[in-house]
Amino acid sequence: MTLILLLPTPTHAACGDPGSQEDVELSVLTYNVWGLPSPLATDRRGRLSRIASWLDERSYDIAGLQEIWRGAVRLLPLPSVRDARRGDSGLALITPHPVRESAQHVFTAERGFDRFKAKGMLSAAIDLDGTSVEVGVTHLQAGGGSRNARIRAAQVEELLSWTETEGPVVLVGDFNLYKDQPIDEQTRQHLEDRGFVDVAAASSATQGTYPGRADRFDRIYVRSGTRHCRMSQAAEVLQLELSDHRPVEARVKLRGERVR
């Protein structure tokens, strides 16, 4: 992993004396596990079993999964946060930390086959030793071309409305942003303008996450919030061949007010 130090931006809390503040370190993963049935995906049962064992060994603070569709849930037997009350989103969060609350948000912008699922964002507030971190797991509109890119742009506007909070936010998922699509580039820049840092890009881990393509569909974003600053981060695209996507992992350190 490549480790870089980041200076706080004016919109975020300044990093003060570590004696009066405390650091929170997070290990984060995003992984589209390709939980589609045959013939749309191959060896779903065997792959998800191996993915479950792999996740259990690594024990991330935050692991956001995509494409855990309803038929795949029983094949990945790990305790997870899911919410399908408004439809099958395929989203799941695995964390060893207490979850204070969670909710399912469904996109209103959609087209094509994605309309038959409840894509959106799974949100959860997790407690890391007294620090509340808002987590969002998402899966944006699939497909290239400008029409799909415009849907993704609208979906990101919805994501931003769902993540309005003063605390730190970790937003992970399959964003389906194409490298050479101008609208997707504008969407990426819009996320950054709203304070979200693409951890892999900031760590120079910019290889593609879908084999055979240069596109980085799978991303981890962090926004530090008003009471925390981002001290350091590292990221890596893992060459794990258990899905049609590659997982992305990151380690992030936040510094904020000491909890009394």
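Using numbering that gives the first Met the number 0, the first residue of the sequence shown is number 0, and each one after it goes up by one.
We put the beta carbon where it would ideally sit given N, CA and C, even for glycine.
Rounded C-beta distance between residue i and residue j? I'm assuming under 8 Å.
| i | j | result |
| --- | --- | --- |
| LYS178 | ALA123 | Going by Cβ atoms, the distance from LYS178 to ALA123 rounds to 30 Å, so no, they are not a contact pair. |
| ARG229 | LEU253 | 6 Å |
| VAL27 | VAL132 | That belief does not hold up - the Cβ atoms of VAL27 and VAL132 are roughly 10 Å apart, past 8 Å. |
| LEU127 | HIS96 | 6 Å |
| VAL236 | GLN206 | 5 Å |
| GLU157 | THR107 | 7 Å |
| ARG222 | PHE195 | 5 Å |
| TRP161 | HIS104 | 5 Å |
As a quick exercise: from the options, pick the residue whose alpha carbon is nearest that of residue i.
| i | options | result |
| --- | --- | --- |
| GLU165 | GLY255, ASP60 and ARG146 | GLY255 |
| VAL134 | MET230, SER202 and GLU100 | GLU100 |
| GLU293 | CYS228, GLY224 and TYR220 | Beyond the ends of the chain as shown, which are 0 and 259, falls residue 293; an answer cannot be given. |
| ALA148 | PRO76, MET230 and GLN180 | GLN180 |
| VAL168 | GLU184, VAL198 and ILE150 | VAL198 |
| GLN154 | SER145, THR137, PRO97 and GLY143 | THR137 |
| ALA200 | ARG81, THR225 and ALA234 | ALA234 |
| ASP173 | ALA62, SER223 and PRO36 | ALA62 |
| ALA102 | MET120, ARG110, ILE93 and ARG114 | MET120 |
| THR186 | THR29, SER145, SER37 and TYR59 | SER145 |
| LEU25 | ASP243, HIS244 and GLN232 | GLN232 |
| PRO210 | ASP183, ARG245 and GLU21 | ARG245 |
| GLU56 | LEU159, GLN20, ILE93 and ARG69 | ILE93 |
| ARG110 | ARG84, GLY143, ILE125 and SER79 | GLY143 |
| ARG44 | ARG73, LEU176 and ALA204 | ARG73 |
| SER37 | GLY70, GLU184, ALA117 and GLU21 | GLY70 |
Using the Cβ count rule (16 or more neighbours within 10 Å means buried), how would you classify residue i?
| i | result |
| --- | --- |
| GLN65 | buried |
| PHE216 | buried |
| PHE112 | exposed |
| LEU39 | exposed |
| GLN140 | buried |
| GLY34 | buried |
| PHE115 | exposed |
| VAL98 | exposed |
| ASP82 | buried |
| GLU240 | exposed |
| LEU6 | Caution applies to LEU6, whose pLDDT of 29 falls short of 50 and renders its modelled position unreliable; the value that the coordinates give is listed next. LEU6 is exposed by the Cβ-count criterion. |
| GLY224 | buried |
Considering only DSSP beta bridges, list what residue i is partnered with.
| i | result |
| --- | --- |
| SER101 | ALA123 |
| SER26 | ARG250 |
| VAL221 | VAL169 and VAL196 |
| HIS227 | GLY255 |
| SER131 | ASP126 |
| ASN147 | The partner list for ASN147 (beta bridge, DSSP) is empty, contrary to what the question assumes. |
| ILE93 | ALA62 |
| ASN31 | GLN65 |
Query raised in the report: Is the segment 81–89 close to the segment 49–63, with three or more CB pairs under 8 Å?
Result: With a cut-off of 8 Å on Cβ pairs, the segment 81–89 is not in contact with the segment 49–63, counting fewer than three such pairs.
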